[in-house]
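What follows is a single structure, written as structure tokens, with notes after it.
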Amino acid sequence: MEGYDALRRGTAWFDLSSRGKIHASGEDRARLLHALSTNHVQELVPGTGCYALFLNAQGRILADANLLCLAGRILIDTEPESRGRIFQHLDHYIIADDVTLEDSSESLACMAIEGPEAAGALTSLGAPVPDTPFSHAPWGDRRLIVRLSHTGAPGWRIFLPQDEVADASRGLEIADAEAVRAVRLEHAKPRCGEDFSEATIAQEAQQMHAIHFSKGCYLGQEIVERIRSRGHLNKLLVSLRIEATAPPPPGSKLSAGGVEIGEVTSSAFSPGLGKVVALGYVRAAHAAPGSTVTCDGNESRVGPL
Numbered sequence: 364m365e366g367y368d369a370l371r372r373g374t375a376w377f378d379l380s381s382r383g384k385i386h387a388s389g390e391d392r393a394r395l396l397h398a399l400s401t402n403h404v405q406e407l408v409p410g411t412g413c414y415a416l417f418l419n420a421q422g423r424i425l426a427d428a429n430l431l432c433l434a435g436r437i438l439i440d441t442e443p444e445s446r447g448r449i450f451q452h453l454d455h456y457i458i459a460d461d462v463t464l465e466d467s468s469e470s471l472a473c474m475a476i477e478g479p480e481a482a483g484a485l486t487s488l489g490a491p492v493p494d495t496p497f498s499h500a501p502w503g504d505r506r507l508i509v510r511l512s513h514t515g516a517p518g519w520r521i522f523l524p525q526d527e528v529a530d531a532s533r534g535l536e537i538a539d540a541e542a543v544r545a546v547r548l549e550h551a552k553p554r555c556g557e558d559f560s561e562a563t564i565a566q567e568a569q570q571m572h573a574i575h576f577s578k579g580c581y582l583g584q585e586i587v588e589r590i591r592s593r594g595h596l597n598k599l600l601v602s603l604r605i606e607a608t609a610p611p612p613p614g615s616k617l618s619a620g621g622v623e624i625g626e627v628t629s630s631a632f633s634p635g636l637g638k639v640v641a642l643g644y645v646r647a648a649h650a651a652p653g654s655t656v657t658c659d660g661n662e663s664r665v666g667p668l
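Heads up, the sequence shown is in the working numbering, so the first residue is 364 and it goes up one at a time.
This is the structure in structure tokens:
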């Protein structure tokens, strides 16, 4: 597990170039994204951004994305599995709109610099250090740096040409995928395509910071509003601390009092905690932080996202 300690106690960098990176330009770009996502895109100004979900008409999650407002365009930063889906979804709804989509996933690299000492490391590299979530600034002529964490540790995301990655990460320890996953799950950061998907109603994923409840109409909004007004969900995504060393596979059952009440979606062993950290769905009655459930015979403590 390379770079785990650096991510938790110092600074490490890791590659995110496999993520989908789509630019939307044209006069109607913000209006289109506003009408198809859960957050308030039309209030964004250059240098700001937000996190949003894209839903189908049944209020279920097609994809999630970070939407970064640049001068004259919006950068849609999404999971690798969502790249084609979100491009096709947006393109389907462009009818008479002045919107052009450009898939920059192959031409644009992406890396993260994260950890408690990441801000100091960026300063040493001569980079700007945007300080509010989703704020971003140019770093030289061809780099964009964003206040955005992948793992939940203090972090920044950098979009840049592939041939500049080595320079932007010089002197920093690299974190491998196993370390990144462990730290992300320690911070209870879910991942679209793994912890929520098109089978998930928006509020079940508990990503409430992605939903702007007073923005007006958008695709899937009727279902989201109905759930808010009625206040009832059968299941919720929660974090789990499992007293075990072997991570349970996705789909492993969770129980309480001998009754099945949910299942694990993702897990990893945490060397720092000496136990498994995981995410999973439980019945709403068992979702309160501090609740105890069982996974494969191992006691598990429910925590917040």
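All C-beta atoms in this analysis are idealised placements derived from N, C-alpha and C, irrespective of residue type, glycine included. These numbers were taken from a predicted model, which means no experiment stands behind them.
**Request:** Compute the Euclidean distance between the alpha carbons of T495 and G620, then round it to the nearest angstrom.
**Result:** Sequence index remark: in the sequence shown, residue 495 carries index 132 (1-based). Sequence index remark: in the sequence shown, residue 620 carries index 257 (1-based). Straight-line Cα distance between these residues: approximately 44 angstroms.
**Message:** Let me make sure I understand the geometry here. Which of D466, H455, T628, R506 has the alpha-carbon closest to that of P611?
**Reply:** Reading the sequence shown from its first residue, position 248 is the one you call residue 611. Here the closest residue by C-alpha is T628.
**Item:** Reduced DSSP secondary structure (H/G/I, E/B, other) of T657
**Value:** By one-based count along the sequence shown, residue 657 stands at place 294. Residue state, collapsed to three classes: strand.
**Request:** Please work out which residues of its chain come closer than 7 angstroms, Cβ to Cβ, to P501, disregarding the five sequence neighbours upstream and downstream, and give them in chain order.
**Result:** Translated into positions along the sequence shown, residue 501 becomes position 138. Hits under 7 angstroms: L507.
**Prompt:** For the candidate residues L668, L399, F559, whose alpha-carbon lies nearest to that of A551?
**Reply:** Counting from 1 along the sequence shown, the entry for residue 551 is found at position 188. When only C-alpha atoms are compared, the closest one is L668.
**Request:** Take H572 and list the residues in its own chain whose beta-carbon comes closer than 7 angstroms to its own, dropping the five residues that flank it on each side.
**Result:** Position 209 of the sequence shown, counting from 1, holds the residue named residue 572. Excluding positions up to five away in sequence, the list reads Y414.
**Request:** My understanding is that L416 touches V546, with C-beta atoms under 8 angstroms, so please give their C-beta distance in whole angstroms.
**Result:** Taking the first residue of the sequence shown as 1, we reach residue 416 at position 53. Taking the first residue of the sequence shown as 1, we reach residue 546 at position 183. With 8 angstroms as the limit, L416 and V546 do not qualify as a contact, their Cβ atoms being about 24 angstroms apart.
**Asked** Does the distance from the C-beta atom of A568 to that of L600 stay below 8 angstroms?
**Response** What you label residue 568 is simply residue 205 of the sequence shown in a count that begins at 1. What you label residue 600 is simply residue 237 of the sequence shown in a count that begins at 1. Taking 8 angstroms as the Cβ cut-off, A568 and L600 qualify as a contacting pair.
**Prompt:** Just curious, the beta strand (DSSP E) that I624 is in, first and last residue?
**Reply:** Within the sequence shown, residue 624 is the residue found at index 261, counting from 1. Its beta strand (DSSP E) spans residues 622-633.
**Euclidean distance between Cα positions of A562 and A426** = Here residue 562 refers to the residue found at position 199 of the sequence shown. Here residue 426 refers to the residue found at position 63 of the sequence shown. Their backbone Cα atoms lie some 11 angstroms apart in a straight line.
**Anticipated Cβ contact below 8 angstroms, G366 with D526, distance rounded** = Your numbering for residue 366 matches position 3 in the sequence shown. Your numbering for residue 526 matches position 163 in the sequence shown. Not confirmed; about 23 angstroms, so no contact.
**Message:** I'd like to know whether the C-beta atoms of S560 and I424 end up nearer to each other than 8 angstroms.
**Reply:** Position 197 of the sequence shown, counted from the start, is the residue given in the question as residue 560. Position 61 of the sequence shown, counted from the start, is the residue given in the question as residue 424. Cβ atoms of S560 and I424: closer than 8 angstroms.
**Message:** If we define contact as Cβ-Cβ less than 8 angstroms, is P611 a contact residue for chain B?
**Reply:** Here there is only one protein chain, and chain B is not present.
**Prompt:** Taking DSSP as the reference, what is the three-state secondary structure of E561?
**Reply:** Taking the sequence shown and counting its residues from 1, the one referred to as residue 561 is at position 198. Three-state result, E561: coil.
**Buried or exposed (CB count within 10 angstroms, at least 16 for buried), R589** = Looking up residue 589 in the sequence shown gives position 226. R589 comes out exposed.
**Asked** Between the C-alpha atoms of I372 and A516, what's the straight-line distance to the nearest angstrom?
**Response** Taking the sequence shown and counting its residues from 1, one reaches residue 372 at position 9. Taking the sequence shown and counting its residues from 1, one reaches residue 516 at position 153. The amino acid at residue 372 is misidentified as Ile; the sequence shows Arg. The alpha-carbon atoms of R372 and A516 are separated by roughly 10 angstroms.
**Asked** Helix, strand or coil: how does DSSP classify Y423 here?
**Response** The sequence position of residue 423 within the sequence shown is 60, counting from 1. Here residue 423 is Arg; the residue named in the question, Tyr, does not match the sequence. Three-state DSSP puts R423 in a strand.
**As assigned by DSSP and simplified to three states, the class of I538** = Counting from 1 along the sequence shown, the entry for residue 538 is found at position 175. The question names Ile, but residue 538 in the sequence shown is Ala. Three-state result, A538: coil.
**Asked** In angstroms, rounded to a whole number, what distance separates the CA positions of V408 and L431?
**Response** As a working note, residue 408 is residue 45 in the sequence shown. As a working note, residue 431 is residue 68 in the sequence shown. It is roughly 9 angstroms from the alpha-carbon of V408 to the alpha-carbon of L431.
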